[in-house]
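Colleague: Here our numbering runs 93 ahead of the position in the sequence shown, where the first position is 1.
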Amino acid sequence: MIARMWEVRALGSGFDELLAWVCDEALPQVEVLPSHVSSEVYSSTDHRIVVISKWRNTPADLPAPPERLTARAPHVWDFTPVDR
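Okay, structure coming up:
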């Protein structure tokens with residue numbers, strides 16, 4: 094299992110539109126892939142949107158968000174479970 098954390102900061106006025114894009118356009122493109130297990134979307138008061146997706150193997154990339162809605166390019170990190 095691999096967990097991918099994808100995080101983007103929206104321009105102040107573009108937050109609602111960017112959140113809608115993530116939920117209605119970007120995620121549906123990857124959620125249909127056979128290796129996709131689940132996805133969760135989080136938002137913060139400082140205009141960040143975070144997607145945590147879980148994958149059976151190599152994670153798929155979310156499409157690039159509309160530049161006019163973002164303060165900067167998304168950051169992406171992959172994590173694997175730790176046995177303890």
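Glycine included, each C-beta is placed from N, C-alpha and C at the ideal position.
Per DSSP, Ala-96 forms a beta bridge with which residues?
Modeller: Answer by DSSP bridge pairing, in chain order: Lys-147, Phe-172.
Colleague: Enumerate in chain order the residues of its own chain whose CB-to-CB distance from Ala-153 is below 6 Å, with the five nearest sequence positions on each side excluded.
Modeller: Val-123, Leu-126
Colleague: Closer than 7 Å by C-beta to Ala-103: which residues in its own chain qualify, once you throw out the five before and the five after it? Chain order, please.
Modeller: Leu-111, His-140, Ile-142, Leu-162, Thr-163, Ala-164
Colleague: How would you write the range of the alpha helix (DSSP H) that Glu-110 sits in, first residue to last?
Modeller: 108-114
Colleague: How would you call Val-130, buried or exposed, if buried means at least 16 neighbouring beta carbons within 10 angstroms?
Modeller: With fewer than 16 other Cβ atoms inside 10 Å of its own Cβ, Val-130 counts as exposed.
Colleague: Below 6 Å CB to CB, which residues in the same chain sit around Phe-108 once its five sequence neighbours on both sides are set aside?
Modeller: The answer, listed in chain order, is His-140.
Colleague: Can you tell me which of the three DSSP states Val-101 falls into?
Modeller: strand
Colleague: Whose C-beta lies closer than 6 Å to the C-beta of Trp-99 among residues of the same chain, with five residues either side of it excluded?
Modeller: Val-144, Leu-155, Pro-167, Val-169
Colleague: Identify, in the order they occur along the chain, each residue of the same chain with its Cβ nearer than 8 Å to the Cβ of Thr-151, setting aside the five sequence neighbours on each side.
Modeller: Ile-95, Ser-128
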